[in-house]
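*Asks:*
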Amino acid sequence: MGREDVTASVAARVQSVLSAAEREASELQREVEKTAERRATEILLAAEQEGQRMITEADEAARTHLEETRGRLDAYAADRIQRIHAATERLLAAAEGLADRFEEALEARRSLAELMTALGAAAEEAAEEVRGPLPPVPPPPRAPLPPGAS
């Protein structure tokens, strides 16, 4: 075996090892890529799930806030309606009282008018009596005569 045979044999062996190493490197690269792709997919799915969880949580928080706010607004509106109703009732009662007092005032006015008419008639009668002939006046009484004078 000559030097050329050894060199060719070593070269073939080196080539064989190099090819095996390239195949293994290529296989390792495919495995790393698959693992990286699988891990990236897992991370993406986890991120999507976390995003969906956050959206659901935000929706629930918004819905809860909306319900609480609606409840407070409904309570406020109910209170305002009750207070307006009470004020309206007080106004109606006052208006009815005014109507009653107005009726009483009208009745008093009618009574005063009747009294004025009666007083006017009485004054007219009194004036007629004064304008007419005077009744005869009796003579004044005489002083008593002293005894013995006649």
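First residue of the sequence shown? That's 55 in the working numbering, and the numbers climb one at a time after it.
Note that CB positions come from ideal geometry on N, CA and C, so glycine has one too.
Please read all numbers here as calculations on a predicted model, not as lab measurements.
In the DSSP assignment, find the alpha helix (DSSP H) that holds R196 and state where it starts and stops.
*Replies:* Counting along the chain, R196 falls outside any alpha helix (DSSP H), and DSSP gives it neither H nor E.
*Asks:* Please report the distance separating the alpha-carbon of S63 from that of R57.
*Replies:* Distance between the alpha carbons of S63 and R57: 10 Å.
*Asks:* Do you know how far the Cα of Q106 is from the Cα of E33?
*Replies:* Coverage of the chain is limited to positions 55 through 204, which leaves residue 33 absent and any answer about it impossible.
*Asks:* CA-CA distance, L196 and G202?
*Replies:* Inspection of the sequence shows that residue 196 is occupied by Arg rather than by Leu. Taking the straight line from one Cα to the other gives about 17 Å.
*Asks:* Cβ of L199 within 7 Å of any heavy atom in the ligand HEM?
*Replies:* The ligand content of the structure shown is nil, which means the ligand HEM is not present either.
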